[in-house]
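*Asks:* Handing you this structure, nothing more for now.
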Amino acid sequence: MAFSVIAETGAGRGVACPCCGCGEAREFLKARDLYNGRLEVYQLLRCRKCSFAWVKNPPEPEEMAWHYAGSYHTAISTGGEKAAARRWAPHRKLLYRYKQGGAILDAGCSSGAFLGVLDARAWQRFGIEMAPEMAKRAEQLTGARVFAGDILDAKFGPQSFDAITSLHSLEHVYAPREVLLKFFEWLKPEGILYIAVPNIDAWEARLFGAYWYALEAPRHLSYFSKRSLEAMVTAAGFTRVRICTPASSYIEPSLTHVLVAVAERCGKHKKPLAAATEPSLPFKIVRKAFRSTLLEAFRQISGWAGKSAEIHAIFRKPQ
């Protein structure tokens, strides 16, 4: 069960990169749906030229609902809503640095937690959410107008928005280039696009390999580095404003994946994250100490080095 290094495992010549189109893809690693504890194995490819990575032969779109079933949407919405003001404060701060009001679209808004921390007096709030129950909840909690369905099926007019946010949603879509072109169409000139995605070049991604939480196969279909994200977004017509890797980490859930795998190898059963229960009080105390010391130090250092778990990027539609 080697998980110390992500390695290119073979050749994939002739496979066109969805980001840059070159035929220099290589087999990157094999990953399972560890969140749900499923056994299907997915092959990830990575482009040697632009460093973009993606799932080879993902499930068909009509099959994907099964991979989001169960506790997934509830876990995401709960995480977004819990202490929302603090959870979304860095995202709000970065957005407000470049745009302070207008019409905003949050693509992949879940239950609307981010929209909910924006000033309703300054913003006309809109959302897109694939899960109908989450879209309805977002409307109820925020008063935003939310389209339930695929981003490419939404019927917004050209130059409708002053800002569009895609906070951990671009990695979920089948056609990220087409989605970015749609964002470009919907934005007004000088409009801002704010994207957050996992960073496939993160130190912890190399450490955990196939057990890195943010792989999330097959729900995550694309994996970005700073270089590939900039290449894909600027190819859609945008101008780079800022790309950063703020202090962030998925070490805790990644360790859970490793522990589950070790238990499997030892013939024991340990619940995957999807079936996890509330931890005990002693565990919570130890976890809090770990978070405030070693984990926080790692988050800050990896962020400073450009190797933290997330990429946050601001792009602008030219005049």
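Just so we're aligned, residue 464 is where the sequence shown starts under our numbering, counting upward by one.
All C-beta atoms, glycine included, are put in the ideal place defined by N, C-alpha and C.
1) Between which residues of its own chain and His775 is the CB-CB distance below 7 Å, once the five residues before and five after are set aside?
2) Tell me whether Gly620, by its Cβ, gets closer than 8 Å to a heavy atom of the ligand MN.
3) According to DSSP, is Ala611 helix, strand or coil?
4) Could you spell out the range, first to last residue, of the beta strand (DSSP E) harbouring Gly533?
5) Can you tell which of Gly486, Asp496, Cys485 has its C-alpha closest to the C-alpha of Trp675?
6) In or out: Tyr732 buried (at least 16 other Cβ within 10 Å) or exposed?
7) Can you tell me whether Gly672 is buried or exposed, with buried defined as 16 or more other CB within 10 angstroms of its CB?
8) Assess contact between the region 602 to 609 and the region 564 to 582, defined as three or more Cβ pairs (one per stretch) separated by less than 8 Å. Is contact present?
9) Taking its Cβ as the centre, do 16 or more other Cβ atoms sit within 10 Å of Arg762, making it buried, or is it exposed?
10) Just to confirm my understanding: we take Leu502, look at its own chain, exclude 5 residues before and 5 after, and list those with CB closer than 8 Å. What are they?
11) Between the Cα of Ser712 and those of Ser691, Lys770, Ser688, spot the shortest distance and give me the residue it belongs to.
12) Within the same chain, show all residues whose beta-carbon is closer than 8 Å to that of Ala552, passing over the 5 residues directly before and after it, in chain order.
13) Just curious, the beta strand (DSSP E) that Arg407 is in, first and last residue?
14) Decide if the region 641 to 656 is in contact with the region 619 to 626; the criterion is three or more beta carbon pairs, one per stretch, under 8 Å apart.
15) Note down the Cα distance separating Ile764 from Ile748, rounded to an integer number of angstroms.
16) Would you identify the three-state DSSP class for Ile714, choosing helix, strand or coil?
17) Could you check whether Ala548 and Asn662 sit closer than 9 Å to each other, using their CB atoms as the reference points?
18) Please state whether DSSP places Ser765 in a helix, a strand or coil.
19) Does DSSP put Asp582 in a helix, in a strand, or in coil?
*Replies:* Per the coordinate set shown:
1) Counting only residues of its own chain and dropping the five nearest sequence neighbours on each side, His775 has a CB closer than 7 Å to the CB of Leu557, Ala659, Cys707, Pro709.
2) Absence of the ligand MN from the depicted structure is noted, as is the absence of any ligand whatsoever, leaving it without description.
3) Residue state, collapsed to three classes: strand.
4) First-last for Gly533: undefined, no H or E at that position.
5) Out of Gly486, Asp496, Cys485, the CA that lies nearest to the CA of Trp675 is found in Asp496.
6) Note that residue 732 corresponds to His in the displayed sequence, not to Tyr. Under a 10 Å Cβ-count criterion, His732 is classified as exposed, with fewer than 16 other Cβ atoms of the shown protein chains found around its own Cβ.
7) Buried, because 16 or more other Cβ atoms sit within 10 Å of the Cβ of Gly672.
8) Contact between the region 602 to 609 and the region 564 to 582 is present, with at least three C-beta pairs closer than 8 Å.
9) The C-beta of Arg762 has 16 or more other C-beta atoms within 10 Å across all chains shown, which makes the residue buried.
10) Non-local beta-carbon contacts of Leu502 in its own chain, meaning distances under 8 Å to residues more than five positions away in sequence, involve Arg495 in chain order.
11) The shortest C-alpha separation from Ser712 is found at Lys770.
12) Short of 8 Å from the beta carbon of Ala552, and not among the five residues preceding or following it, lie these beta carbons of its own chain, in chain order: Val580.
13) Here the chain covers residues 464 to 782 and nothing more, so residue 407 does not appear.
14) Contact holds: three or more Cβ-Cβ distances are below 8 Å.
15) Taking the straight line joining both Cα atoms gives about 24 Å.
16) In this structure, Ile714 counts as helix in the three-state DSSP scheme.
17) Contact flag unset, no.
18) Per DSSP, reduced to three states, the secondary structure at Ser765 is helical.
19) Shown here, Asp582 sits in coil according to DSSP, grouped into three states, outside any helix or strand.
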